[in-house]
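S.K.:
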Amino acid sequence: MGTAHDATGNGAQVRQNFHADCEAAVNRMVNMELYASYVYLSMSYYFDHDDVAFKHIAKFLKEQSYEEREHAEKFLTYQNKQGGQVTLQDIKVNKYFNEYPESTLLDLHKLLCDFLESEYLEEQVKAIKVLGDHLTNLKRLGVPQNGFVPL
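Per full-length UniProt numbering, the sequence shown starts with residue 1, numbered consecutively.
This is the structure:
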(Lines of atoms letter the chains of each structure in order from A and count residues from 1; the text may use other names and numbers.)
(Lines give C-alpha, C1' and ligand atoms only; values in the text may rest on other atoms or scores of the structure.)
Protein backbone atom coordinates (compact mmCIF):
# COMPACT_ATOMS: atom_id res chain seq x y z
CA MET A 1 0.00 0.00 0.00
CA GLY A 2 1.39 3.40 -1.00
CA THR A 3 1.74 6.33 1.32
CA ALA A 4 0.76 9.93 0.82
CA HIS A 5 3.53 12.49 0.80
CA ASP A 6 3.61 16.16 1.65
CA ALA A 7 5.62 18.75 -0.31
CA THR A 8 8.82 17.72 1.48
CA GLY A 9 8.44 14.09 0.44
CA ASN A 10 7.53 12.92 3.95
CA GLY A 11 4.57 10.59 4.40
CA ALA A 12 1.24 12.12 5.38
CA GLN A 13 0.71 12.29 9.13
CA VAL A 14 -2.82 10.95 8.89
CA ARG A 15 -3.94 8.42 6.30
CA GLN A 16 -7.58 7.46 6.88
CA ASN A 17 -7.45 3.78 5.82
CA PHE A 18 -7.22 5.05 2.26
CA HIS A 19 -6.06 2.43 -0.24
CA ALA A 20 -3.73 3.44 -3.08
CA ASP A 21 -6.38 2.35 -5.63
CA CYS A 22 -8.83 4.83 -4.11
CA GLU A 23 -6.19 7.55 -4.21
CA ALA A 24 -5.47 6.85 -7.89
CA ALA A 25 -9.19 6.74 -8.77
CA VAL A 26 -9.81 10.08 -7.06
CA ASN A 27 -6.88 11.61 -8.95
CA ARG A 28 -8.32 10.32 -12.25
CA MET A 29 -11.70 11.86 -11.41
CA VAL A 30 -10.08 15.19 -10.52
CA ASN A 31 -8.28 15.25 -13.84
CA MET A 32 -11.45 14.35 -15.77
CA GLU A 33 -13.44 17.05 -13.97
CA LEU A 34 -10.80 19.67 -14.75
CA TYR A 35 -10.71 18.55 -18.37
CA ALA A 36 -14.51 18.82 -18.61
CA SER A 37 -14.32 22.30 -17.07
CA TYR A 38 -11.75 23.28 -19.67
CA VAL A 39 -13.90 21.97 -22.55
CA TYR A 40 -17.04 23.72 -21.27
CA LEU A 41 -15.13 26.97 -20.86
CA SER A 42 -13.79 26.72 -24.41
CA MET A 43 -17.27 26.04 -25.77
CA SER A 44 -18.67 28.92 -23.73
CA TYR A 45 -16.37 31.41 -25.35
CA TYR A 46 -17.06 29.94 -28.77
CA PHE A 47 -20.78 30.60 -28.32
CA ASP A 48 -20.07 34.05 -26.85
CA HIS A 49 -18.09 35.12 -29.94
CA ASP A 50 -19.76 37.90 -31.95
CA ASP A 51 -20.14 35.76 -35.09
CA VAL A 52 -21.99 33.00 -33.18
CA ALA A 53 -23.78 35.05 -30.49
CA PHE A 54 -25.66 32.40 -28.53
CA LYS A 55 -25.33 34.28 -25.23
CA HIS A 56 -27.63 32.01 -23.21
CA ILE A 57 -25.80 28.88 -24.31
CA ALA A 58 -22.49 30.59 -23.57
CA LYS A 59 -23.70 31.45 -20.07
CA PHE A 60 -24.95 27.91 -19.49
CA LEU A 61 -21.65 26.39 -20.62
CA LYS A 62 -19.67 28.78 -18.43
CA GLU A 63 -21.80 27.69 -15.47
CA GLN A 64 -21.11 24.05 -16.35
CA SER A 65 -17.39 24.81 -16.43
CA TYR A 66 -17.62 26.29 -12.96
CA GLU A 67 -19.59 23.27 -11.68
CA GLU A 68 -17.03 20.83 -13.07
CA ARG A 69 -14.26 22.78 -11.35
CA GLU A 70 -16.27 22.65 -8.12
CA HIS A 71 -16.56 18.87 -8.51
CA ALA A 72 -12.78 18.64 -8.88
CA GLU A 73 -12.33 20.75 -5.75
CA LYS A 74 -14.63 18.43 -3.77
CA PHE A 75 -12.56 15.44 -4.83
CA LEU A 76 -9.35 17.32 -3.97
CA THR A 77 -10.69 18.15 -0.51
CA TYR A 78 -11.70 14.52 -0.02
CA GLN A 79 -8.26 13.34 -1.12
CA ASN A 80 -6.55 15.61 1.41
CA LYS A 81 -8.92 14.61 4.23
CA GLN A 82 -8.10 10.96 3.60
CA GLY A 83 -4.35 11.63 3.64
CA GLY A 84 -3.98 10.94 -0.08
CA GLN A 85 -1.62 12.74 -2.42
CA VAL A 86 -3.06 14.96 -5.15
CA THR A 87 -1.54 14.28 -8.58
CA LEU A 88 -2.69 16.59 -11.39
CA GLN A 89 -1.97 15.70 -15.01
CA ASP A 90 -1.53 17.90 -18.07
CA ILE A 91 -4.77 18.57 -19.92
CA LYS A 92 -4.63 16.78 -23.26
CA VAL A 93 -7.28 16.85 -25.96
CA ASN A 94 -9.79 13.99 -25.67
CA LYS A 95 -7.65 12.12 -23.16
CA TYR A 96 -10.60 11.72 -20.79
CA PHE A 97 -13.69 13.07 -22.46
CA ASN A 98 -14.66 9.96 -24.45
CA GLU A 99 -14.87 7.87 -21.28
CA TYR A 100 -16.20 10.61 -19.05
CA PRO A 101 -17.89 10.05 -16.72
CA GLU A 102 -19.61 6.64 -16.90
CA SER A 103 -16.87 4.01 -16.76
CA THR A 104 -14.65 5.82 -14.30
CA LEU A 105 -17.57 6.87 -12.12
CA LEU A 106 -18.74 3.27 -11.90
CA ASP A 107 -15.27 2.12 -10.81
CA LEU A 108 -14.98 4.96 -8.35
CA HIS A 109 -18.49 4.32 -7.05
CA LYS A 110 -17.42 0.91 -5.80
CA LEU A 111 -14.61 2.54 -3.84
CA LEU A 112 -16.26 5.73 -2.61
CA CYS A 113 -19.99 4.99 -2.59
CA ASP A 114 -21.14 7.31 0.21
CA PHE A 115 -19.11 10.30 -0.94
CA LEU A 116 -20.31 9.98 -4.53
CA GLU A 117 -23.96 9.49 -3.64
CA SER A 118 -24.10 12.49 -1.32
CA GLU A 119 -22.01 14.93 -3.36
CA TYR A 120 -21.96 13.97 -7.02
CA LEU A 121 -24.39 11.67 -8.84
CA GLU A 122 -27.61 13.65 -8.37
CA GLU A 123 -25.90 16.76 -9.71
CA GLN A 124 -24.73 14.85 -12.80
CA VAL A 125 -28.27 13.63 -13.50
CA LYS A 126 -29.59 17.19 -13.26
CA ALA A 127 -26.86 18.48 -15.60
CA ILE A 128 -27.64 15.78 -18.19
CA LYS A 129 -31.34 16.73 -18.05
CA VAL A 130 -30.53 20.43 -18.60
CA LEU A 131 -28.23 19.59 -21.52
CA GLY A 132 -30.94 17.43 -23.07
CA ASP A 133 -33.45 20.26 -22.73
CA HIS A 134 -31.04 22.67 -24.41
CA LEU A 135 -30.43 20.24 -27.27
CA THR A 136 -34.17 19.84 -27.78
CA ASN A 137 -34.58 23.62 -27.93
CA LEU A 138 -31.71 23.95 -30.40
CA LYS A 139 -33.30 21.32 -32.65
CA ARG A 140 -36.57 23.24 -32.52
CA LEU A 141 -34.70 26.35 -33.65
CA GLY A 142 -33.26 24.43 -36.61
CA VAL A 143 -29.61 24.67 -35.52
CA PRO A 144 -27.37 22.35 -37.61
CA GLN A 145 -26.51 19.12 -35.83
CA ASN A 146 -23.40 18.11 -37.75
CA GLY A 147 -20.41 19.35 -35.80
CA PHE A 148 -21.22 23.03 -35.51
CA VAL A 149 -19.00 23.42 -32.42
CA PRO A 150 -15.26 23.18 -33.14
CA LEU A 151 -13.16 22.26 -30.10
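Think of the CB as a built atom: it goes at the ideal place given N, C-alpha and C, for glycine as much as any other residue.
Would you tell me roughly how many angstroms separate the C-alpha atoms of Leu88 and Asn137, rounded to the nearest one?
M.R.: Distance between the alpha carbons of Leu88 and Asn137 is about 37 Å.
S.K.: Taking the continuous alpha helix (DSSP H) assigned at Arg15, which residues delimit it?
M.R.: Arg15 -> no alpha helix (DSSP H), and no H or E assigned at all.
S.K.: Determine the direct distance from the alpha carbon of Leu61 to that of Ser37, and round the result to whole angstroms.
M.R.: Roughly 9 Å separates the two Cα atoms.
S.K.: Helix, strand or coil: which one does DSSP assign to Lys139?
M.R.: Note: Lys139 maps to helix in three-state DSSP.
S.K.: Let me confirm a value: Ile57 is counted as buried when at least 16 other C-beta atoms fall within 10 Å, else exposed. Which label applies?
M.R.: Counting Cβ neighbours within 10 Å, Ile57 comes out buried, since at least 16 surround it.
S.K.: Evaluate the contact criterion for the segment 44-59 versus the segment 74-87: three or more CB pairs, one atom per stretch, below 8 Å.
M.R.: Not touching, per the Cβ criterion.
S.K.: If I follow the unbroken alpha helix (DSSP H) through Ala53, where does it start and stop?
M.R.: It is not in any alpha helix (DSSP H) - Ala53 carries neither H nor E in the DSSP assignment.
S.K.: Tell me, to the nearest whole angstrom, how far the beta carbon of Leu34 is from that of Ile91; I am working on the premise that it is less than 8 Å.
M.R.: Contact flag correct, Cβ pair sits at about 7 Å.
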